[in-house]
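Number of protein chains: 2
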Amino acid sequence: MASIQDISVSAVINLLSALFFLLAFAIVRLQPINDRVYFPKWYLKGIRASPRSSGAFGNKFVNLDFRTYIRFLNWMPAALKMPEQELIDHAGLDSAVYIRIYLLGLKIFVPITMLSFAVLVPVNWTAGETLEHIEDLTFSNIDRLSISNVPSGSQRFWAHVMMAYVFTFWTFYILYKEYKTISTMRLHFLASENRRPDQFTVLVKNVPPDPDESVDEHVEHFFRVNHPDHYLSHQVVYNANKLAELVEKKKSFRNWLTYYQTKYERNPVKKPKIKTGFWGLWGKSVDAIDYYMTEIEKLGKEEAEEREKVITDPKAIVPAAFVSFKSRWGAAVCSQTQQSRNSTNWLTEWAPEPRDVYWDNLSIPYIQLAVRRLLMAVALFFLTFFFMIPIGFVQAFASIDGIKKVLPFLKSLIEMDVVKSFVQGFLPGIVLKIFLILLPMILMTMSKIEGFTSLSSLDRRSASKYHLFVIVNVFFGSIITGAAFQQLQRFLDQSPTEIPKTIGVTLPMKATFFITFIMVDGWAGIAAEILRLVPLVMFHIKNTFLVKTEHDREQAMDPGSLNFSVSEPRLQLYFLLGLVYSVVTPILLPFIIVFFAFAFMVFRHQIINVYDQKYESGASFWPDVNRRILIGLGISQLLLIGLLSTKDTAKSTPLLIVLIVLTIWFHKLCKGRFESVFVKFPLEDAVVKDTVERTTEPNFNLKEYLRDAYLHPVLKMVEFEVPKEIDEENNPLVATKRTTQRSSKTVSNGTAEDGL
Amino acid sequence: MASIQDISVSAVINLLSALFFLLAFAIVRLQPINDRVYFPKWYLKGIRASPRSSGAFGNKFVNLDFRTYIRFLNWMPAALKMPEQELIDHAGLDSAVYIRIYLLGLKIFVPITMLSFAVLVPVNWTAGETLEHIEDLTFSNIDRLSISNVPSGSQRFWAHVMMAYVFTFWTFYILYKEYKTISTMRLHFLASENRRPDQFTVLVKNVPPDPDESVDEHVEHFFRVNHPDHYLSHQVVYNANKLAELVEKKKSFRNWLTYYQTKYERNPVKKPKIKTGFWGLWGKSVDAIDYYMTEIEKLGKEEAEEREKVITDPKAIVPAAFVSFKSRWGAAVCSQTQQSRNSTNWLTEWAPEPRDVYWDNLSIPYIQLAVRRLLMAVALFFLTFFFMIPIGFVQAFASIDGIKKVLPFLKSLIEMDVVKSFVQGFLPGIVLKIFLILLPMILMTMSKIEGFTSLSSLDRRSASKYHLFVIVNVFFGSIITGAAFQQLQRFLDQSPTEIPKTIGVTLPMKATFFITFIMVDGWAGIAAEILRLVPLVMFHIKNTFLVKTEHDREQAMDPGSLNFSVSEPRLQLYFLLGLVYSVVTPILLPFIIVFFAFAFMVFRHQIINVYDQKYESGASFWPDVNRRILIGLGISQLLLIGLLSTKDTAKSTPLLIVLIVLTIWFHKLCKGRFESVFVKFPLEDAVVKDTVERTTEPNFNLKEYLRDAYLHPVLKMVEFEVPKEIDEENNPLVATKRTTQRSSKTVSNGTAEDGL
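Chains A and B are the protein sequences, given in the same order.
FYI, the numbering for the first sequence is 1 to 756, going by the UniProt record's numbering.
FYI, the numbering for the second sequence is 1 to 756, going by the UniProt record's numbering.
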């Protein structure tokens, strides 16, 4: 077991690295040359136009005003200054609600920590005589403050049970209040939004084949008959996946061309050559510029042919369509009702924003979807449960004993106190972290195979998978494998009442491990996030080789976005740890509070200055967040039952089972009370917006407005080479692939104007 | 263990009692005086008017034509003769689909039985050498045919695994086909129905309070705004529960009055007296006729006051309403969409038929509903799991050893072979049966507390509870307590992989118990059903004391109805037994087939001649039936895993886990594919019906037609004493309490005409 000393070493290391990241950030950020890396959001919004160096310093690349370096933490108050409503207008509701999760963590855990330190720490500390007698158990001094210090059968455990009740009800109270606030925010956001195509549009999938009619005609007839007073128009979906590939390839070739042209301009002596074979490693050596020019020309022709084919060939039309209605009421009705007697045909759902559509998945037949989901469920099971073995293996290796056994010549080194502390306190966390980096792409691919049709739902779905993975492998995996990896087989054969006991007993011993984990992953990791090392390097590479015009420079910026599918489940781990250890080892709680507070500031800063969201879902992820916190609460209660039942306090079990039943019930209550706000569009609100609009703009040509909104992005790019800036400004919702970010910018602007 | 001999004794007893019931039925049924007990359906339909004795026999009460007695089984072919479409027109879709469940049992189990006997019985039988060596295990000769006969580790178990696959896929195939057929039947039924008020009407619950408007105005304004083109009218709901009580009480007093008047007429010498105290047991003795006449008069006044109060007092209006629309499209849209931004207000659902409404539950607030459901879930848990103890106790007592121990003087009696067989084969089944009779009322009360608003949903909900109870207590309870009641505590501490093993091992030994259970509950029980002993006695009592006019006689008939909430879950037990034992002990299957075939005929006869359903839900219970059969299938697979893993064939476990995953997936597939047909009304169908009606009857006054359809039944009975026969005929949907059966009659007639 790690002692207070180990923890302190680890804390110092992590604080130092966090501090280093922050200092690096402070220095790098102030250099005008990096301005586009750290403030891309403002460039995208068109508010910042050039590096902010003014003439006084003369130098465009390095900031020489030393006074600015002194206040290296001044981004923090700046990040907190913007009021929430302005933040919503500036960055969208998704982002604003996302950082509220950190705030929610603070709201839940600050009072819990105070209460825990006021009640449980004294209770545990003063119960301590017994442990001093048991010398063979290597209890560290941290355990003095934890529940392990209380002797079996003690009446003091009633304090823990009581606190479990208090913490649970406090969590309920905060969660309920937050859910209510956020559903109000969402409704207000939707109500104050400008006109958008998705408000009038429904995505129709699984159009049944008709022998006499094309998909186009069939859709029109069906909706003219079944929504006679409300149907306006529709847009069939073309299968342009091949075309999109060609466009993508041409874009890449164009980048290479620019690269070699720049190279040639800088060094006109040597004509750049490349090899045409695999990865440019072998094959005939040819002139690079000529090669790419011919290739691009060839691709251009292919692309034109494919484009022609997609538009004219009826087989390129998939059995799905975007159907638009004359009013929001009509669209809301169509999206919420069943159209056909065969419930696998004519499936309607509220259309995602044009930029949120995931085009590849629009044409999957119903039965195939069912099969795909079955296969992915099985795959997820294996991924989740058999990924555990390598983690345990590497962690066992990364312990003092493991290293001694495998690398005996390191023995003298690792027995030095500092190194020992480092290995024990630092290494297991890093091992875990490396494993976690591999995963999100696999999970996202799995979600895509499952056939979801919008980026936002793909993100939510991947987050669910990742959450399962984090709970099983990071949380339970760390508890079980680290302490008792050899016992795994035996563990599987235990009775359902034994499992919580086994885990419960291990729980207090694992507190120090999780404290280091929080410091590595939570503190230093978040500080690294603000430095944006990868985008920084990438920007400078692109800037050097590809950027010729101001427009190219804008393209080179990579503002990134909140990666909901990864960051939210990771965040949930902190809720889980906090809830589990709130009763068991309260000393862990301050670390979690520091994480939430620090992450809140960092992400608020990033959202204001950096991230540019790919879509806006109106906080539709909140039901998931709420559910997962409740799952964490349930796990904490279950483990407490297990822990207490090994302490000769079986009498408390029924009391704690009541808590679990209440938690499940509270989940159902929240679901019934609030969830539909995040799924459906109430008719009441639709009518209000329709009425207002009809009064203010009675002659608006909706059909014209919606005409091309849901055309596949590559089909809109008739001339890729010359971006028609002006056109796009007039029609903010032409979301072509290259200009996704630009169009989102205009939408945000629209929202901002509306809110002001 | 019971041997073949025991089974034979039990079979003979049960066959004899079944035969006795059938003979009694044949004799009693042919007496003209009982005609109304055995053919009430035809009376209610108005096709039969008087006992069918014609002048030739002279006697109105006893059938003397002995030729009719000879063909005492001729009701069987008669029951099978009516074609299905005619049956639907005659008895409604609910009944017609209900008896298809028995047919489904035959479709599933006849091929399974044949295959089982062709493959598994020889495999088991020829594996038998081993058992003869083990003398201490009391294997009976039935076990020769079961899986117990195959020695551990034998390769023969692959036959069982293969058969488990075949049976599972066969069940999938039949279930899928049946689900499809029944959803088509439902859609066809709904499409061919006559105009009914519920097609145009939506039940709105949780109308929020408004300080400025009454509920009446608030509802009207809300729907005029949010469904401007479709809203037609609405009917507020009065809290007439107290009034209904008064009416009920008056009706009972009126019956007593008639009783004493008849008594006095028959014996004019003695004036009948009663005591006014508790239950007529003590108190002042008064003249009965005078007493009831004054009481009725008093109640009449009270009732008039209460009626006045309900209609005029705004506080008697509950926050719920029946809102009607101009078209079926409008109603379908409103019932499927969310109205308000607060998802606990303005909850809409498709209105039940007027006669299906459960009026008492219309005004429960949302949060209260959530609390009620929580409490009922907890109550159900305790009821289900702690009811087990008395069953086990009584069953342990009702075994040979139990009786010997408690009543030692019976020792010599019960050691006689016949008595021993009787005790072993018969008694445990009866004990179980008695316990089961107590339950349905409790479960129905629990469902009512949960706040469902229609009789059909109450029935479905009670059936779910009862199904849980049957699985836990009858199925698992019989397996565990009978064999190892003392092991219960130990059992709870076993690992999740151990539990299926323990049950799996006991399974083959319990086959004989379940065979006797099938004979007692299935064979003799069904034969008793057709005799209708209780209604027979009740009818004659009423006929003697209460009937004065032909109308009174009609009132005295109790046609009964299919009690879905009890009979469906019981039926599911047979599916469960069949699926579980199909691989383990195939000898049980023929008993199940006999049950399904016999029950099919009996219930078809009852549906044609006797039962009169209280409501028509259009087979909306089918998703439950399908789900429960799949639950049975899953249990059978789980227990097979347990059984085989004790037989040294752990290699087969992954193969069987695949089956369980497939079963869950198939359930999801069915749900996605078909369930919405049973829950929602597709707009396509609504439009078709609307269009047809608009063309054929362009001037129909819908508002007038719907005016009183959803008024509380007691409020419609302005003058209870004089039933206005003619009025009711003109307005078939005035479903007053007394005339529920009559109005259903007219509806059925309507359907019949429509179908012809």
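Note that beta-carbon positions come from the ideal geometry of N, C-alpha and C, so glycine has one too.
Mapping the DSSP letters down to three states, classify A597 (chain A) as helix, strand or coil. helix
DSSP on W346 (chain A), reduced to helix/strand/coil? coil
From the DSSP output, in three-state form, read off P319 (chain A) for me. strand
If you follow the alpha helix (DSSP H) that I182 (chain A) is part of, which residue opens it and which one closes it? F157 to S192
In the structure shown, what three-state DSSP assignment does I274 (chain B) receive? strand
Let's test the definition: count the other Cβ atoms within 10 Å of the Cβ of V423 (chain B) and tell me whether it reaches 16, buried, or not, exposed. buried
Name the two residues that bound the continuous alpha helix (DSSP H) containing T695 (chain A). L683 to T696
Who are the Cβ neighbours of Q339 (chain A) in its own chain at under 7 Å, not counting the five residues just before and after it? N226, W346 and T348
H90 (chain B) - containing alpha helix (DSSP H), residue span: E84 to A91
Does R673 (chain B) get closer than 8 Å to chain A when you measure Cβ to Cβ? yes
Using only CA atoms, which one of A:Y292, A:D89, A:Y102 and A:K180 lies nearest to N194 (chain A)? A:D89
6 Å Cβ shell around A484 (chain A) - same chain, five flanking residues per side excluded: With a pLDDT of 37 at A484 (chain A), under the threshold of 50, the modelled position of this residue cannot be trusted; read the value that follows with caution. None.
Please name the residues in the segment 665 to 694 of chain A whose beta-carbon is closer than 8 Å to at least one beta-carbon of chain B, in chain order. W665, K668, L669, G672, R673, F674, E675, S676, V677, K680, F681, P682, L683, E684, D685 and V687
Using the rule of at least 16 other Cβ atoms within 10 Å of the residue's Cβ for burial, across every protein chain shown, is H221 (chain B) buried or exposed? exposed
Does M601 (chain A) pass the burial test, meaning 16 or more other C-beta atoms within 10 Å, or should it be called exposed? buried
Starting from T201 (chain A), trace the beta strand (DSSP E) in both directions and tell me its first and last residue. T201 to K205
Do you know how far the Cα of Y466 (chain B) is from the Cα of residue 760 (chain B)? Coverage of chain B is limited to positions 1 through 756, which leaves residue 760 (chain B) absent and any answer about it impossible.
Applying the criterion that 16 or more other CB atoms from any shown protein chain within 10 Å of the CB defines a buried residue, is A524 (chain A) buried or exposed? buried
Against chain B, which members of the segment 187 to 204 of chain A pass a CB distance test of less than 7 Å? L187
Relative to chain B, which residues along the segment 218 to 231 of chain A have a C-beta separation below 9 Å, given in chain order? F222, V225, N226, H227, P228 and D229
Taking only beta-carbon atoms, is S636 (chain A) less than 8 Å away from chain B? no
So, for T646 (chain A): in the same chain, excluding its five sequence neighbours on each side, which residues have a beta-carbon less than 6 Å away from its beta-carbon? K501 and V505
Kindly indicate if chain A contains any beta-carbon less than 8 Å away from that of L104 (chain B). no
Using the C-alpha atoms, what's the distance from V215 (chain A) back to E693 (chain B)? 30 Å
Please report the straight-line C-alpha distance between P314 (chain B) and E213 (chain B), rounded to a whole angstrom. 11 Å
Say whether chain B places a C-beta atom closer than 8 Å to the C-beta of V378 (chain A). yes
Collapsed DSSP secondary structure at D313 (chain B) in the structure displayed: coil
From the DSSP output, in three-state form, read off I134 (chain B) for me. Reliability of the predicted coordinates at I134 (chain B) is poor, the pLDDT of 48 falling under 50, and the value obtained from them is presented with this limitation in mind. Three-state DSSP puts I134 (chain B) in coil, outside helix and strand.
Pick helix, strand or coil for V610 (chain B), following the three-state DSSP scheme. coil
Interfacial residues, the segment 11 to 30 of chain A to chain B, with Cβ spacing under 8 Å: none
Output yes if chain A places a C-beta closer than 8 Å to the C-beta of T344 (chain B); else output no. yes
To which residues of the same chain is A159 (chain B) closer than 8 Å at the C-beta, ignoring the five residues directly before and after it? V119, L120 and V123
Over what stretch of residues does the beta strand (DSSP E) that includes L232 (chain B) continue unbroken? Y231 to Y238
Option nearest Q606 (chain A) by Cα separation, candidates A:F666, A:F39 and A:S17: A:F39
Straight-line gap, L577 (chain B) to F514 (chain B) (C-alpha atoms, nearest Å): 8 Å
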